[in-house]
Amino acid sequence: MVKFGENLPLNTVVIGKGSKMQLHQDMHTQQLSAAHLSSSSLPEYSGPICRPQPPRHPMEEVQAAVTAHLDQVSGLVQALSAELRRGIVPAADSLLAFVRAVDWTEPWLICLMAFHATLLLTAVGLRKNANFQLFMLFLAYSGVYLAEKINSYMAEHWKSIATRNYFDHAGVFVSVVWSGPLIFISMVIVVSSLIALCRLMVKWKRAELRHRAQLARDKQD
């Protein structure tokens with residue numbers, strides 16, 4: 312305890328009650344100032360503020376998924392149509408060039424087209440005759456099988472029937488004017504046979520149902 316009138320060292324500080332409260336206030340003010348300076352020295356964030364998104368309705372999620380799926384499907388359809396256009400146009404140009412290169416007025420070509428037309432009309436007219444249809448189908452497949460040999464023979468003897476040599480090693484001309492029509496006639500025969508078979512099955516089923524109904528009536532009597 313310091314007595315009155317006693318000499319004190321120079322570095323001694325006497326603090327009363329009021330002085331203690333003032334000292335605490337000054338220290339608190341200094342701490343707040345230091346915190347303010349430290350916070351103001353940080354760089355300010357100028358980016359977007361991430362706010363929590365409100366929960367989406369289930370129907371909105373379904374609609375968004377359907378829209379995305381439709382966009383993907385439309386993109387695939389557009390790509391497919393572009394590919395088909397790029398493939399069809401060269402094929403159409405090649406077919407048109409082939410038609411223009413062939414002289415369709417030559418007698419042997421006219422006879423060949425008349426032969427195919429006669430076969431087609433016969434196949435359609437006698438579609439109910441199953442045995443004759445089977446015979447024509449065998450002839451058509453035999454003609455397609457012999458197309459390569461026919462092409463080789465005609466390539467050696469084209470001068471006797473044609474004005475130009477249409478018979479190349481690939482057999483494109485023979486495939487178009489000979490094998491193609493025969494395959495088409497074969498498809499017509501097969502389709503007509505399937506239709507006749509379906510009609511026969513329907514008739515058989517109706518007869519079976521009538522027979523069962525007759526048996527049921529007989530049992531009741």
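Per the numbering used here, the sequence shown starts with residue 312, numbered consecutively. Think of the CB as a built atom: it goes at the ideal place given N, C-alpha and C, for glycine as much as any other residue.
So what does DSSP say about residue i, is it helix, strand or coil?
{"i": "I472", "result": "coil"}
{"i": "S350", "result": "Annotation note: pLDDT 46 at S350 (below 50); position unreliable, no value reported."}
{"i": "V413", "result": "coil"}
{"i": "D532", "result": "coil"}
{"i": "A379", "result": "helix"}
{"i": "K516", "result": "helix"}
{"i": "F478", "result": "coil"}
Please tell me whether residue i and residue j are closer than 7 angstroms, where the distance is taken between their beta carbons.
{"i": "L493", "j": "A451", "result": "yes"}
{"i": "S490", "j": "V455", "result": "yes"}
{"i": "I506", "j": "L431", "result": "no"}
{"i": "I500", "j": "L448", "result": "yes"}
From the options, pick the residue whose C-alpha is nearest to that of residue i; which is it?
{"i": "T474", "options": "W419, R510, L407", "result": "W419"}
{"i": "S405", "options": "D529, V487, R521, H522", "result": "V487"}
{"i": "R510", "options": "W415, Q374, A393, K439", "result": "K439"}
{"i": "Y477", "options": "Q444, A527, A412", "result": "A412"}
{"i": "L457", "options": "F443, Q444, H468, G482", "result": "G482"}
{"i": "Q444", "options": "A403, L520, V502, V513", "result": "V502"}
*Spell out a yes or no on whether the segment 458-465 and the segment 416-427 are touching, meaning 3 or more CB-CB pairs, one atom from each, closer than 8 angstroms.*
no
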